[in-house]
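Trainee: Take a look at this one; I'll ask things after.
2 protein chains.
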Amino acid sequence: MSDSERRRISDSTVRRLSIYLRFLRELRRQGKSLVSSREMAEGCGTTPAQVRKDLSLFGSFGKRGQGYGVDELSLTLEDILGLDRRWRVALVGVGKIGAALLGYHDLARRGFDIVAAFDSDDRKVGRKVSGVEVRPAEELPRIVAAEDIELGIIATPPPTAQAVADELVEAGVRGILNFAPVEVDVPAGVSVRTMDVALELEGLSFSLAGDRSGARG
Amino acid sequence: MSDSERRRISDSTVRRLSIYLRFLRELRRQGKSLVSSREMAEGCGTTPAQVRKDLSLFGSFGKRGQGYGVDELSLTLEDILGLDRRWRVALVGVGKIGAALLGYHDLARRGFDIVAAFDSDDRKVGRKVSGVEVRPAEELPRIVAAEDIELGIIATPPPTAQAVADELVEAGVRGILNFAPVEVDVPAGVSVRTMDVALELEGLSFSLAGDRSGARG
DNA sequence: TTGGGCTTGTGAACGCTTTCACAAGCCATC
DNA sequence: GATGGCTTGTGAAAGCGTTCACAAGCCCAA
Numbered sequence: 106m107s108d109s110e111r112r113r114i115s116d117s118t119v120r121r122l123s124i125y126l127r128f129l130r131e132l133r134r135q136g137k138s139l140v141s142s143r144e145m146a147e148g149c150g151t152t153p154a155q156v157r158k159d160l161s162l163f164g165s166f167g168k169r170g171q172g173y174g175v176d177e178l179s180l181t182l183e184d185i186l187g188l189d190r191r192w193r194v195a196l197v198g199v200g201k202i203g204a205a206l207l208g209y210h211d212l213a214r215r216g217f218d219i220v221a222a223f224d225s226d227d228r229k230v231g232r233k234v235s236g237v238e239v240r241p242a243e244e245l246p247r248i249v250a251a252e253d254i255e256l257g258i259i260a261t262p263p264p265t266a267q268a269v270a271d272e273l274v275e276a277g278v279r280g281i282l283n284f285a286p287v288e289v290d291v292p293a294g295v296s297v298r299t300m301d302v303a304l305e306l307e308g309l310s311f312s313l314a315g316d317r318s319g320a321r322g
Numbered sequence: 106m107s108d109s110e111r112r113r114i115s116d117s118t119v120r121r122l123s124i125y126l127r128f129l130r131e132l133r134r135q136g137k138s139l140v141s142s143r144e145m146a147e148g149c150g151t152t153p154a155q156v157r158k159d160l161s162l163f164g165s166f167g168k169r170g171q172g173y174g175v176d177e178l179s180l181t182l183e184d185i186l187g188l189d190r191r192w193r194v195a196l197v198g199v200g201k202i203g204a205a206l207l208g209y210h211d212l213a214r215r216g217f218d219i220v221a222a223f224d225s226d227d228r229k230v231g232r233k234v235s236g237v238e239v240r241p242a243e244e245l246p247r248i249v250a251a252e253d254i255e256l257g258i259i260a261t262p263p264p265t266a267q268a269v270a271d272e273l274v275e276a277g278v279r280g281i282l283n284f285a286p287v288e289v290d291v292p293a294g295v296s297v298r299t300m301d302v303a304l305e306l307e308g309l310s311f312s313l314a315g316d317r318s319g320a321r322g
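Protein chains in written order, with the working numbering: chain E, 106 to 322; chain W, 106 to 322.
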């Protein structure tokens, strides 16, 4: 697939592809070999038409009358998502969230290895957290570049998030997962996703606040 | 605002409202009193027209030729988002992520109090984590109902997530933040948001994989 | 070989979200 | 009080994503 084709794919489609893959891996563990778009939709919280349309953006992977081959489609989605390899990730900020991420083995299971961790707090530097040594923030540029790290996770307080993002990009990182509750700017060609727990809770709060009369739906 | 008006608001708008509010609070700390849609757009990663359209869905809060009053708009957005009160939250699963959330004070700062934590592991039950006592999973239904808890956070392994969601809903919870990497089903009238760190990294992986020729954009 | 049941792949229709473009309106200055 | 510069609020247009609906195609049974 060419870059220009890839660019046309929407964020929501990519997100669903990940969900499909997660579901397919579960089916694989259960030993299922075929799955229909209807079953995928039920397991992934969407519609059969949506599943088929999403997949059709990349090719024809199913068999009419039968469904999709679980193994085959898993591999295809892994290819599409760029998961046919492992990714080297740098973590910046070893506070509560950063430490939790270092200990969260689902990341490695899904292809993302945190190979370096940084913190500006001297008391944390040198300690090992879940097997990864915490390094001083000053070494970030050198190590990220030297170790060919392509993804970064920002788990610092908001005021330093932008500076960290700048350093990561300068050192060659082209994808950033940001846990600081602030939007960070990056140059074109670099992707950022921000995860803000409180922001998600606020979304729930909105739904509930609009529901004061006990309405259903 | 009536429920039916509220229902028309899209998820993406609600998400942006939260981002606007986050930004406005920062401006308030800086002592700024007026802000234009252009400045908000720059600080929130969107466009001025989008900012104005989002706000216009709820009313006219600005002053032509000047912009929006920072204090006034903050309060308005808090009202809209249902943040004119505090929310009582139950946390289920005190593993790495759960413990990190208990120690993450940004939640309390933004109106969400984790007032109960549950775990099925006897070794964790009874311990206090960041000031909250861990209770046995069996007590969840009773305590959530008795304490008028309206929001739940699931931080258990995937296989138990659905059962926990069912218990939370049964006990009266109408909003769930799910950290288990699996989609959970809930009845109409209950909202769920799933946060999956690996899934977000996969999104970044997709962008980078489609970018092998060093294209810009 | 034929018929029935089921499922994919996809153009077209639909509906929602974003962007555009401009009238209405505020403020400072002269 | 009139002028110029700036900003909001909003219909209309454009752009996207989702849903519909059905032809094409597979498999099983008789």
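Cβ coordinates follow ideal geometry from the N, Cα and C atoms, glycine included.
1) Span of the alpha helix (DSSP H) holding E/S84?
2) I want to see whether chain W comes within less than 8 Å of E/L273, judged by CB atoms only; does it?
3) Among residues of its own chain, excluding the 5 on either side of E/D224, which ones have a beta-carbon nearer than 7 Å to its beta-carbon?
4) With a 10 Å radius around its C-beta and 16 neighbouring C-beta atoms as the bar for buried, classify E/R121 as buried or exposed.
5) Starting from W/I185 and walking both ways along the alpha helix (DSSP H), at which residues does that stretch end?
6) Once DSSP output is grouped into helix, strand and coil, what is the label at W/D253?
7) Under a CB-based cut-off of 8 Å, is W/L309 close to chain E?
8) When the cut-off is 8 Å and only beta carbons count, does E/L313 lie next to chain W?
9) Check whether the Cβ atoms of W/L245 and W/A276 lie closer than 8 Å to each other.
10) Determine the direct distance from the alpha carbon of E/L126 to that of W/G319, and round the result to whole angstroms.
11) If you follow the beta strand (DSSP E) that W/V220 is part of, which residue opens it and which one closes it?
12) Relative to the C-alpha of E/P263, which candidate in E/P292, E/R113, E/M300, E/R215 has its C-alpha closest?
13) By the criterion of Cβ-Cβ separation under 8 Å, what are the contact partners of W/A205 in chain E?
14) Could you tell me whether the Cβ of W/E144 comes closer than 8 Å to any Cβ of chain E?
15) Mind reading off the beta-carbon distance from E/L256 to E/V194? Whole number of angstroms is fine, and I expect it under 8 Å.
16) For W/K158, which option in W/G170, W/Q171, W/S142, W/C149 has the closest C-alpha, if you only look at C-alpha atoms?
17) For E/F163 and E/G148, which I take to be in contact (beta-carbon distance under 8 Å), what is that distance rounded to the nearest angstrom?
18) Measure the C-alpha to C-alpha separation of W/G308 and E/A221 and round it to an integer number of angstroms.
19) May I have the straight-line CA-CA distance separating W/D176 from W/D189, to the nearest angstrom?
20) In this structure, how does DSSP classify E/R298 when only helix, strand and coil are distinguished?
21) On a CA-only basis, which of W/A314, W/K233, W/I258 is nearest W/D218? Give me that one, please.
22) Between the Cα of W/G214 and those of W/V234, W/R191, W/S235, spot the shortest distance and give me the residue it belongs to.
23) In terms of residues, what are the limits of the beta strand (DSSP E) holding E/G203?
Mentor: With the given structure in hand:
1) Outside the displayed range of chain E (106 to 322) lies residue 84 of chain E, so it cannot be described from this structure.
2) It does not: the Cβ of E/L273 has no partner Cβ on chain W nearer than 8 Å.
3) Same-chain partners within the cutoff: G198, V199, V230, V239, A242.
4) For E/R121, the number of other beta carbons within 10 angstroms of its own is at least 16, and it is reported as buried.
5) 175-186 is the span of the alpha helix (DSSP H), which, as asked, contains W/I185.
6) W/D253 falls in the coil class under three-state DSSP.
7) For W/L309, the answer is yes, since a Cβ of chain E falls inside 8 Å of its Cβ.
8) With a threshold of 8 Å between beta carbons, E/L313 makes contact with chain W.
9) Less than 8 Å separates the beta-carbon of W/L245 from that of W/A276.
10) Confidence is the limiting factor: at W/G319 the pLDDT is only 38, short of 50, which leaves the residue's position unreliable, though a coordinate-based value still follows. Rounded to whole angstroms, W/G319 to E/L126 spans 27 Å at the Cα level.
11) If you look at W/V220, you'll find it in the beta strand (DSSP E) that goes 217-224.
12) Taking only the C-alpha atoms, the option nearest E/P263 is E/M300.
13) Within 8 Å Cβ-Cβ: K201, I202, A204, A205.
14) It does not; no Cβ of chain E falls within 8 Å.
15) Contact between E/L256 and E/V194 holds: their C-beta atoms lie close to 4 Å from each other, under 8 Å.
16) Taking only the C-alpha atoms, the option nearest W/K158 is W/S142.
17) No, E/F163 and E/G148 are not in contact; Cβ-Cβ is about 20 Å, not under 8 Å.
18) Cα to Cα, the separation comes out at about 21 Å.
19) If I take the Cα positions, the gap works out to 14 Å.
20) In this structure, E/R298 counts as strand in the three-state DSSP scheme.
21) For the options W/A314, W/K233, W/I258, the alpha carbon positioned closest to that of W/D218 is the one of W/I258.
22) At residue 214 of chain W the sequence reads Arg, which differs from the Gly that was named. Considering only alpha carbons, the answer is W/R191.
23) For E/G203, there is no enclosing beta strand (DSSP E); the residue is found in the alpha helix (DSSP H) stretching over 201-207.
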